[in-house]
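Report on the structure given below.
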Amino acid sequence: MTFALTCENLVKRYDGTAVVDHVGFHIDSGEAYGLLGPNGAGKTTTISMLVGLLRPDGGSVQVNGIEMGSDPVEAKRLIGYVPQEIALYPELTARENLRYFGRLYGLGRRRLAARITEVLDAVGLSERGDDKVQTYSGGMKRRANIGVALLHEPELLILDEPTVGVDPQSRVAILDSIERLVGEGVSLLYTSHYMEEVERVCTRVGIIDKGRVVADGTRRELVAELGGTDKVDLVLDGDVHAAAEKLRAVEGVTEAAVTGQNSLRLLAVGGRHLLPALLGAVDGLAQVTGVDVIEPDLEAAFLHLTGSTLRD
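Listed below in structure tokens is the structure:
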């Protein structure tokens with residue numbers, strides 16, 4: 130099977146220290162893959178090697194079966210890369226920027242004209258295509274940046290922090306555009322400091338820490354690393370200490386702690402399914418007036434695996 134992207138045992142050293150240490154993962158054709166890591170984890174260096182901007186000290190990168198090391202021109206042709214920094218000419222219009230970069234891609238005049246129209250529509254800039262980029266908001270500049278990467282219809286789109294520094298409305302527009310592209314079958318590598326973006330866009334996630342991929346899988350698989358324990362917060366009217374004692378005996382409950390005058394926190398496997406048993410256990414001791422079940426999420430899995438939050 131040919132993957133949209135395969136990297137194996139990637140290594141990059143600076144002053145004898147491996148900042149990327151045998152990193153490997155793959156992206157299926159048509160898949161949206163998220164690459165997460167705290168600052169300094171080696172994520173940016175990895176991406177630079179994937180797009181051919183940095184030569185690895187070891188390992189290999191293949192794009193749709195083309196080896197980056199032996200045929201970099203063809204491999205790069207298959208990639209659309211959107212860097213963190215805006216890579217546009219501000220004194221040109223979006224259409225002029227697209228025309229310039231399209232010629233660099235080698236697109237013919239007729240094909241380029243059609244692609245410019247299609248790309249402006251795809252990123253929601255059709256009505257502002259003839260305005261200079263310097264008049265754009267931050268979000269519009271980022272959408273135009275994505276448009277440049279789409280011009281040559283790449284097999285793989287790599288987005289490095291595409292929503293950094295934009296307002297919430299622009300962020301939603303960018304994510305909507307990205308979701309449409311994924312729905313059309315574009316393969317995607319996505320990095321972000323916003324966990325909710327990765328959960329929304331990506332079907333599979335790799336977590337890199339200290340130069341190594343420490344986990345790779347779907348959201349459900351990564352959350353399973355936590356052991357599937359939910360937090361269940363109960364607000365009670367009655368004897369909370371006696372209720373805690375009773376709840377500790379319920380199968381599936383691993384801990385029951387009094388957290389306030391009228392509140393308990395339980396750790397339980399399958400918290401939502403246990404609710405009838407929990408309510409039954411305290412019947413006659415206390416009346417439950419509030420329930421909140423907090424299930425593990427990708428942020429919790431990330432913290433568990435790296436010991437830091439995504440923005441650390």
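For the sequence shown, the residue numbers in the numbering used here are 130 to 441. Where is the CB? At the ideal position from N, CA and C, for every residue including glycine.
- Between the alpha carbons of Thr222 and Val262 lies a gap of roughly 5 Å.
- Put simply, of Phe230, Leu279, Gly235 the residue whose alpha carbon is nearest the alpha carbon of Glu247 is Leu279.
- In the DSSP assignment, Ile215 falls outside any alpha helix (DSSP H), carrying neither H nor E.
- Just so you know, the alpha carbons of Leu393 and Tyr319 end up roughly 39 Å apart.
- When Val277, Val387, Lys172 are compared, the shortest CA-CA separation from Tyr218 is found for Val277.
- Membership of Leu408 in any beta strand (DSSP E) is not indicated; the residue belongs instead to the alpha helix (DSSP H) covering 400-410.
- Membership of Ser177 in the alpha helix (DSSP H) is indicated by the continuous run 172-179.
- If only uninterrupted alpha helix (DSSP H) runs of at least 4 residues are considered, those enclosed by the stretch 201-279 are 201-206, 223-233, 238-251, 267-279.
- In this structure, the alpha-carbon of Pro201 lies about 15 Å from that of Ala133.
- DSSP places Arg341 in the strand class (E or B) of the three-state scheme.
- Nearest neighbour of Lys270 by Cα position, chosen from Glu284, Leu286, Leu139, Asp296, turns out to be Asp296.
- Here Ala397 is buried: its Cβ has 16 or more other Cβ atoms, across all protein chains shown, within 10 Å.
- With a cutoff of 8 Å on beta-carbon distance, Arg348 and Leu427 are scored as near each other.
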